[in-house]
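Undergrad: Per the UniProt record's numbering, the sequence shown starts with residue 1, numbered consecutively.
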Amino acid sequence: MTDVVVVPDSDIAPSVMFDVPPQGGARIGEHEHRELSRLQAEVKKRLTLPIAAAILPHRIGRSNSISVHLSDPLENTLDILVTITGNISWPDDQDYQHGMRWYISIPDTVDALWLLSRLEATLKDMD
Numbered sequence: 001m002t003d004v005v006v007v008p009d010s011d012i013a014p015s016v017m018f019d020v021p022p023q024g025g026a027r028i029g030e031h032e033h034r035e036l037s038r039l040q041a042e043v044k045k046r047l048t049l050p051i052a053a054a055i056l057p058h059r060i061g062r063s064n065s066i067s068v069h070l071s072d073p074l075e076n077t078l079d080i081l082v083t084i085t086g087n088i089s090w091p092d093d094q095d096y097q098h099g100m101r102w103y104i105s106i107p108d109t110v111d112a113l114w115l116l117s118r119l120e121a122t123l124k125d126m127d
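(1) Just the Cα atoms here: how many angstroms apart are V82 and L116?
(2) Taking the CB atoms as reference points, tell me whether R27 and V5 lie closer together than 8 Å.
(3) What does the alpha-carbon distance come out to for the pair V20 and W102?
(4) I need the straight-line Cα distance from L56 to I80, nearest angstrom please.
(5) Checking 8 Å against the spacing of the C-beta atoms, do V7 and G24 come in under that value?
(6) Hey, L47 and D11 are a contact pair by Cβ (cut 8 Å); roughly how many whole angstroms apart?
(7) Could you please give me the residues that DSSP links to N64 through a beta bridge?
(8) Using three-state DSSP, classify A53 as helix, strand or coil.
(9) Leaving aside the five residues before and after A41 along the sequence, list all residues of the same chain whose C-beta is less than 8 Å from its C-beta, in chain order.
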């Protein structure tokens, strides 16, 4: 996937994480980019290469979710649950410090795929 362009928050509809036009790459607002960058930094703090990833779709009640389980050779693990809820929420400081699993809420499937692509890019950039 292509790089994501960071734009002012006012250029992105507040109802989406990534703005994706019919042609061209995705755009992300400054606030969501800061949150995404924090997520990427927290992943890099906890894991070393090589990283094994298991990404599985789930239905939890009426919600569609994607569980992401990451592990490294030192047996460090990280679990993230991405749930399509129609709104956006990120882990907070307490979640990053003490959470057994990080929870991320996103508006729709398009945002889920772009978020996972950015997470994949993070793992590749750890080289």
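Beta carbons: idealized from backbone N, C-alpha and C, even for Gly. All values derive from a computational prediction rather than experimental measurement.
TA: The structure says:
(1) In the sequence shown, the residue the question calls residue 82 occupies position 82. In the sequence shown, the residue the question calls residue 116 occupies position 116. Whole-angstrom Cα-Cα distance: 9 Å.
(2) To locate residue 27, count along the sequence shown from 1; it is residue 27. To locate residue 5, count along the sequence shown from 1; it is residue 5. Contact: yes.
(3) By 1-based counting over the sequence shown, the position of residue 20 is 20. By 1-based counting over the sequence shown, the position of residue 102 is 102. Roughly 25 Å separates the two Cα atoms.
(4) Indexing the sequence shown from 1 puts residue 56 at position 56. Indexing the sequence shown from 1 puts residue 80 at position 80. Straight-line Cα distance between these residues: approximately 11 Å.
(5) Stepping through the sequence shown from its first residue, residue 7 is reached at position 7. Stepping through the sequence shown from its first residue, residue 24 is reached at position 24. Against a cut-off of 8 Å, the Cβ pair of G24 and V7 comes out as no contact.
(6) As a first step, residue 47 is located in the sequence shown; it is residue number 47 there, counting from the start. As a first step, residue 11 is located in the sequence shown; it is residue number 11 there, counting from the start. Going by Cβ atoms, the distance from L47 to D11 rounds to 33 Å, so no, they are not a contact pair.
(7) Taking the sequence shown and counting its residues from 1, the one referred to as residue 64 is at position 64. Per DSSP, R59, I84.
(8) In the sequence shown, the residue the question calls residue 53 occupies position 53. The answer is strand: DSSP assigns A53 an E or B state.
(9) Start at 1 with the first residue of the sequence shown, and residue 41 comes out as number 41. Nothing listed; no residue qualifies.
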